[in-house]
Amino acid sequence: MEGRQLRPIYDALELPDTKYALNECDKLLRKHPNHYGAQALKTFILARSGRPNEALLLGQSVLSTPSAMASAHVQQGLSLAFRALGCPREEIMVYTAALAFSPNDESLHTKVFMAAARNSMFKEQHHAAVQLSKLSKQQKYVWWLVVSLLLQAKHSKDDVAAPVQLKLAERLVEKAVTDGQLTSTEELRVYLDVLDIQDKHEQMTEVMAANGQLAAMISNDPDLVTQRISLLIKIGAYDKAISAAIAALESRDNWADYKLYIGAVVALVGQAADVEAKHSLAADISSNFEKWAGVRGKARGAKLAQVALATRMHEAGHGDIAGSPEVLIWSYLAEFQQKAICYSDIMQFIVARREPSVLEYHRTQLEQRLAAARDSAANSDDAAQAWVNLEKIRYLLQALMGETDPKAWAADIEPLLKFGLGSSQARKKQPSCSDMALIASQRIIQAAFFAYSAANQREQLHSALFKALCVLESGIQLNDSSFLLKLYAIRVYLYLSCYERAQTIYDTLSIKHVQQDTLGHLIIGHGMALGCFASDMEFCYNGVTFYDRFRSKMPRDIEAVYQQGTYSNVQDFLEFQSNIVHSVQRECTHRYALRGEGFEYGNAKETLARWEEADVSSIEHTEQTLSALHDNRDVLVMGLLTPKDMAQWDLELLTRSTPMPGHDWIQAFSLIPQVMHYLVCADNESLQEKLSELTLVDNTSGTLSRQDVLLVRGIIDVGSLYIQASDLQNGIDDQLGRLLSVIRTNVPSNELEPSLFSLSSDSIRNLSAATELFTYMLALKHALSAQRLPAANAVGIALSQLRKEALKSVNALRGWVDKNTRALVEEQWLAENDGDIFADVTRFVVGSQKQTTSMVAKACTTSWLRSVKNLLSQWEKCS
Amino acid sequence: MSTIRRFRAMDLLQFNNVNLDRYTETYDSQFYLSYMSNWPDLFTVAESPAHKLMGYSMGKVEGTGELWHGHVTALTVAPECRRLGLARGLMRGLEDASEKIHDCYFVDLFVRPSNTVAIQMYEHLGYILYRRVIDYYQGDGVMPTEYAHDMRKALPRDKHKKSIVPVKHAVNVEDTFF
Chain A
1 MEGRQLRPIY DALELPDTKY ALNECDKLLR KHPNHYGAQA LKTFILARSG
51 RPNEALLLGQ SVLSTPSAMA SAHVQQGLSL AFRALGCPRE EIMVYTAALA
101 FSPNDESLHT KVFMAAARNS MFKEQHHAAV QLSKLSKQQK YVWWLVVSLL
151 LQAKHSKDDV AAPVQLKLAE RLVEKAVTDG QLTSTEELRV YLDVLDIQDK
201 HEQMTEVMAA NGQLAAMISN DPDLVTQRIS LLIKIGAYDK AISAAIAALE
251 SRDNWADYKL YIGAVVALVG QAADVEAKHS LAADISSNFE KWAGVRGKAR
301 GAKLAQVALA TRMHEAGHGD IAGSPEVLIW SYLAEFQQKA ICYSDIMQFI
351 VARREPSVLE YHRTQLEQRL AAARDSAANS DDAAQAWVNL EKIRYLLQAL
401 MGETDPKAWA ADIEPLLKFG LGSSQARKKQ PSCSDMALIA SQRIIQAAFF
451 AYSAANQREQ LHSALFKALC VLESGIQLND SSFLLKLYAI RVYLYLSCYE
501 RAQTIYDTLS IKHVQQDTLG HLIIGHGMAL GCFASDMEFC YNGVTFYDRF
551 RSKMPRDIEA VYQQGTYSNV QDFLEFQSNI VHSVQRECTH RYALRGEGFE
601 YGNAKETLAR WEEADVSSIE HTEQTLSALH DNRDVLVMGL LTPKDMAQWD
651 LELLTRSTPM PGHDWIQAFS LIPQVMHYLV CADNESLQEK LSELTLVDNT
701 SGTLSRQDVL LVRGIIDVGS LYIQASDLQN GIDDQLGRLL SVIRTNVPSN
751 ELEPSLFSLS SDSIRNLSAA TELFTYMLAL KHALSAQRLP AANAVGIALS
801 QLRKEALKSV NALRGWVDKN TRALVEEQWL AENDGDIFAD VTRFVVGSQK
851 QTTSMVAKAC TTSWLRSVKN LLSQWEKCS
Chain B
880 MSTIRRFRAM DLLQFNNVNL DRYTETYDSQ FYLSYMSNWP DLFTVAESPA
930 HKLMGYSMGK VEGTGELWHG HVTALTVAPE CRRLGLARGL MRGLEDASEK
980 IHDCYFVDLF VRPSNTVAIQ MYEHLGYILY RRVIDYYQGD GVMPTEYAHD
1030 MRKALPRDKH KKSIVPVKHA VNVEDTFF
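As given, the protein sequences belong to chains A and B, one line each in that order.
Residue numbers are given in this note's numbering: position 383 of the first sequence equals residue 383, and the series is strictly consecutive.
Throughout, this note's numbering is defined as the position within the second sequence, counted from one, plus 879.
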C-alpha cells in the first residue's frame, strides 16, 4: 500500500524531475498529513533542492516519531536526506531507530558502521562493529572491529581508554593469527599498525620474522620489506638492519632501503669505540655500494647512495670517512649528467652544504666542464642533456652564492637561446632543447627582477618579461608537449595582465578532476581580476562540480575499503577526503563563484532576490575552521631550480601577479556576500557585526592584492552607507562621496593618456575592481529603493552620473588599446636600448623568432582588448 | 633508482609533474581510489630521492577461465624521469604480481598508435599487437580520436601461448569487455 502510494514520487525522482516529485509529495501529504514515507521523501527532495533548513526541520520531525522508522521507505528516504544534508549523527539515528524494530538486522548494523566510518565517527563505528561481530561469525567483522579500535585509539585524547582499546585490538588479532585467520597483507598491515602505535617495535620485528605464510607475504610486498629494516633500526638492532638492507638491495634497487642502510651505518659509526672501527664500517658500506655500482641497472642508485652516505657522515661529524661529498657529487655528475633526472637527484646534496668554500669548489668544477659541454651539445642528445644539467647547476650555484647582480644572471643567455630555439635539435623537438629554452627564460625573469625591482623601474621589468614570454612561446611552438614552458607562460601572461592567452594555454594542459584542486589556482580568479568574468565563472563551476561530486562519491570509496578488506587504505582515504573537503582551493573556488554571480546582470528584483536567497550561513568562517583548511595547491610543479627557502630566487613566488589567496582572503570574500545579504535583508544588527569583522580583516591582512583591499574597503563603505541611510536622521554624503571617488580614481581618466606599462600592470585590474564595486553599489541602491529609504534617490542619481562618465572613459580606453598597443609593444618592449642587459635577447627574439614574437605581441594586445571590452559591456549592462 | 611503493590517495595531490604529460590521462579521483581498494598490489608508484613522484603503474585483474589476466590500465613516467628503465621496472612489478599473486594467463594493455616510444618499449618487453580497437581513444580537444593497439604478453600459466594469437580484424570497444 505504502509503496504504491509513493510510486509516483519515486518515478519523478528517477526522471529526475524534482519539482514534480515535490508536487506529488505535497499531493499525498494533503490527503494523508501523517504519511511518514512521503515526509521522508519530501525531506530528501528538499535537501537535494538547496533548501537545507526546511529539509532539516521536516526530517527531524519525522525522526522524532519512533514508530515511523518501521517503514523501509522512511528509513531509506530519511537516511539519504540526512546524508545529503551532511548530518551523519541524524543518519545513524535513523538506522538506530529502525533497529528497535529488527535488532538483528545485519544490513542495518552495517549501515550504521558505514555511516560512522565515512564520517570518522570512530566510537559509533566501533559500537556497530561490536554488534556485527556478535551477530555474525564472519571474520571480516573481527577486522572491522580491530580497525575501529585502532582508529579510535589513534584519534583519541583519552589516555586511559586508548591503551585498553589497543590491547583489545591486539588480542583480537592474536586470536586471528592463532586461528589461521590472518590471510592477507592488508590484515598483516593492520596488525603491525596496532603494535606500532603501542611502540611494540620488537614484537613487530618478531611478527615480521615469522616463517611460513606471513614470511611469503612480506617478501612479496616491497613496502613491508622496507618497514622491517626501519623497525630494526628503531629497536637499535643496527647489525640486523644492515643485513636486511643488504639482502633487500641485492635483489632490488630501492632508494628507501639505501637510506635505511646508510642510517644504520651512520648510527653504528657514532657508537664505534675507535677510529679503526669507524673506518671499517665505512669501508664495508662503501665497498657494497661500489659492488652494486658495477651491476647493470643499479649503478645510479649505488652511486647516489655514495653521495648520500658521505653527506650523512659529514652531517654527523665524521668528516670524510666515507669520502668527500663534493668529489662524489662531481663523480656522480660525470657518470649520469646525460640523464634528465640527474639535476633533481643531486640538487639536494649540493644544497645540503652551503659553506662558501664548498660552493667555490663546485663553481671551479663547473667552470672546468661547462664550456666543453656547450661545445659538444650538438653531438648527441646525451651531450645536450649533460649541458642542460650543468646549466641548471650553474643557476643553483649562483643562487646559493647569493648572486643579485642582474648582469651575472643575464650573462651567456644567447647560447642557450640558440641551442634551445634555433638549433637543428630544437627543430627535432629534442627534450633538452625545451629544457634549455626554459632555463633561458628563467634567467631572463630572474635577471629582470633583480634589475628592475624598484617601483620606478617596473616599466623595464615588463619589457623584460615580455621577452621571456617570447622565449617561452617560441619553445612551445617548437614542442608543445612541454608543460613547464606552458606553466611559466601562463604565469608571465597573467603578470602582464593578459588573461585570454593565459587561459588558452591553460586549456591545452587538460587540467581536470583532482587537478582542479592542485592546479586550479593557476587560472581561477585571474579572469575576475582582469575583467573576464564569464570564462572565469566556467572554471569556477567546473571546480564546484568537482568538489560536489567528490563529496558525494568519496564516502562510497571509504565503504569499499571495508568491503574489499584493503584496510591499509582507511587512514589514507580519510586523510585524502579531509584534504579535499577542507581545501583552501575549494574555499577560494566557491568564493570566486559567488563573486562572479554578483556580476551577473539582473534587474533590481533579481539582484535583490539573489542576495536575499544566498545561503550565507554555510560560508561563515572562524579562526578554527580556517586553520583546519589544507593547502593542496601545487606550487612545486613549476620545476624550480632553487630550494624553496630562497625567496629572492624563487620564480614561482616572483611571477605571482597577485598574492595567492590565503586565510584572510577567504575570510574577506566570505564576509562580503554576508554583508550584502544582511544589507538586502535589512538586518542592521548582523550587518554591523559583519562590517566589524570585515574591518578587522582589512586591518590585519597582509596578503590581499591592492584591488582586493580596494574592494574590501569599498564594501565596508557600502555597508556603512546603508546603515547611515536607514537612520533617517543621518546624512550619507561622506560615504557616498568616498565611494564615488574610489571608483572614479580607478576608472582610467579621459584626460590622462594611458601607457603600455599602466595597462599591463594596474589599469585593467583597477578598472575591474571599480566595476565590481559599482555592481555592489547598484545592489545597495536597489535595496534602498525596495525599502523605500529616501537616500535611494541620491545614490541612484550619483550612480547614473558615474556610469555615464565611466562608459565614456572605458570606451576611450578600448579605442586606445585597439589603436596603439600593438605599435607600443614594438616600440617600447622590443626596442634596443643602450646598456640594456637584455640586448642579446632582444636581438634574438626580434631576429630569429620574429614570427613568434609578433604572435606574442598580438596575443597581449588581443587579451587586453578582450578584458577592456568585457568591462565596457559590464558597464553598459549595469544601468 | 627510486623508491617503489604502493600508490596512496594522497599521491593524487602531487602527481602533476607526471600527469601533465599529454599522453597521460587524468581520471576522476574515484577511478584511482577504486583501484587502490580493489587491487592495491597492482597500483605502484616510483618516488625519487628528492621525494618527487617519477611515475606509476595501475592495473587490475579480470576475466574468467583462460581469459583470467592482468590488465595495465595506466603506465606513465614523468618526462624528466624517462630513459632510466623506470617504465620497464614498473611493468615488471605488475607482471610479477599478475603471475605470482593472481596466477593470470596473460597481461594486456591498450596504447595509442601515435605513442611510438611506448609501443617500442612494450615490444621490447615481449608484448605483441594482439588486435586493434576502433576509436578506443576519444578526442578531447588536445589529443585526437584514435584506435588503440591491444597488446598482450603471455605468462607462464598460458603454456601454449593461446592468449597471444593475433586477431587480424579490428574490433569494436565493446568486444574488449571481459
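Just so you know, even glycine gets a beta-carbon here, dropped at the ideal spot from N, CA and C.
Model, not experiment: these values are computed from the prediction.
Excluding five sequence neighbours on each side, which residues of the same chain lie with their C-beta closer than 7 Å to the C-beta of residue i?
i, result
"Asn579 (chain A)", "His630 and Asn632"
"Lys1041 (chain B)", "Glu945"
"Trp144 (chain A)", "Phe113, Ala129, Leu132 and Tyr562"
"Leu912 (chain B)", "Ala888"
"Cys983 (chain B)", "Val940, Trp947, His948, Gly949, Ser977, Leu1034 and Arg1036"
"Phe546 (chain A)", "His513 and Gln516"
"Ser760 (chain A)", "His462, Leu496 and Ser497"
"Val94 (chain A)", "Leu63, Met69, Gln75, Leu78, Ser79 and Phe82"
"Lys781 (chain A)", "Ala792, Val795, Gly796 and Leu799"
"Pro958 (chain B)", "Asp900"
"Leu740 (chain A)", "Ala798 and Leu802"
Just list the residues that DSSP pairs residue i with in beta bridges.
i, result
"His950 (chain B)", "B:Lys939 and B:Asp987"
"Glu1025 (chain B)", "B:Tyr1016"
"Asn254 (chain A)", "B:Ser881"
"Glu926 (chain B)", "B:Thr882 and B:Leu932"
"Val956 (chain B)", "B:Gly934"
"Arg1011 (chain B)", "B:His1028"
"Val1050 (chain B)", "B:Val1012"
Tell me which residues share the same chain as residue i and place their Cβ nearer than 8 Å to its Cβ, disregarding the 5 neighbours each side in the sequence.
i, result
"Ala614 (chain A)", "Leu594, Pro673, Met676 and His677"
"Leu6 (chain A)", "Leu28, Gly37, Ala38, Leu41 and His73"
"Gln139 (chain A)", "Ala176 and Gln181"
"Leu99 (chain A)", "Asp105, Leu108, His109 and Val112"
With burial defined as no fewer than 16 other Cβ atoms inside 10 Å of the residue's Cβ, what is the status of residue i: buried or exposed?
i, result
"Met638 (chain A)", "buried"
"Phe1057 (chain B)", "exposed"
"Arg586 (chain A)", "buried"
"Tyr881 (chain A)", "Nothing can be reported for residue 881 (chain A), as the shown portion of chain A is limited to 1 through 879."
"Tyr238 (chain A)", "buried"
"Tyr541 (chain A)", "exposed"
"Arg171 (chain A)", "exposed"
"Glu1053 (chain B)", "exposed"
"Gly294 (chain A)", "exposed"
"Lys303 (chain A)", "buried"
"Arg30 (chain A)", "exposed"
"Asp223 (chain A)", "buried"
"Gln1017 (chain B)", "exposed"
"Ser251 (chain A)", "exposed"
"Pro16 (chain A)", "exposed"
Once you ignore the five residues that flank residue i on each side, which residues in its own chain have a CB closer than 6 Å to its CB?
i, result
"Ala241 (chain A)", "Ile229, Leu232, Ile233 and Ala264"
"Lys111 (chain A)", "Tyr95"
**OP:** Flag this pair as touching only if the segment 833-841 of chain A and the segment 413-423 of chain A have three or more C-beta atom pairs under 8 Å; answer yes or no.
**Re:** As far as the Cβ criterion goes, the segment 833-841 of chain A touches the segment 413-423 of chain A, which means the pair count is three or higher.
Original post:
Taking a cut of 8 Å between CB atoms, which residues from the segment 954-966 of chain B lie near chain A?
Top reply: Pro958, Glu959, Cys960, Arg961, Arg962, Leu963 and Gly964
Original post:
Would you say the segment 706-714 of chain A touches the segment 733-750 of chain A, given that touching needs at least three Cβ pairs under 8 Å?
Top reply: yes
Original post:
In the segment 629-646 of chain A, which residues sit with their C-beta less than 7 Å from some C-beta in chain B, listed in chain order?
Top reply: Asn632, Asp634 and Val637
Original post:
Three or more C-beta pairs closer than 8 Å, one from the segment 917-935 of chain B and one from the segment 855-868 of chain A: is that the case here?
Top reply: no
Subject >> Near-chain B residues of the segment 339-351 of chain A - C-beta to any C-beta below 8 Å >> reply: Lys339, Ala340, Ile341, Ser344, Asp345, Met347 and Gln348
Subject >> Near-chain A residues of the segment 917-941 of chain B - C-beta to any C-beta below 7 Å >> reply: Asn917, Pro919, Ser927, Pro928, Ala929 and Lys931
**OP:** Determine which residues of the segment 894-908 of chain B have a Cβ less than 8 Å from any Cβ of chain A, and write them out in chain order.
**Re:** Asn895, Asn896, Asn898, Leu899, Asp900, Arg901, Thr905, Tyr906, Asp907 and Ser908
Original post:
Should the segment 468-485 of chain A be called in touch with the segment 840-849 of chain A, which here means at least 3 C-beta pairs below 8 Å?
Top reply: Contact check between the segment 468-485 of chain A and the segment 840-849 of chain A: three or more CB pairs, one atom from each, fall below 8 Å, which counts as touching.
Subject >> Interfacial residues, the segment 287-298 of chain A to chain B, with Cβ spacing under 8 Å >> reply: Identification of residues in the segment 287-298 of chain A having a C-beta nearer than 8 Å to some C-beta of chain B yields Gly297 and Lys298, given in sequence order.
Original post:
When you check each C-beta in the segment 505-533 of chain A against every C-beta of chain B, which residues fall closer than 9 Å?
Top reply: Asp507, Thr508, Leu509, Ser510, Ile511, Lys512, His513, Val514, Gln515, Asp517, Thr518 and Leu519
Original post:
Is the segment 380-390 of chain A close to the segment 428-435 of chain A, with three or more CB pairs under 8 Å?
Top reply: yes
Original post:
Does the segment 640-660 of chain A come close enough to the segment 683-698 of chain A that 3 or more CB-CB pairs lie under 8 Å?
Top reply: no
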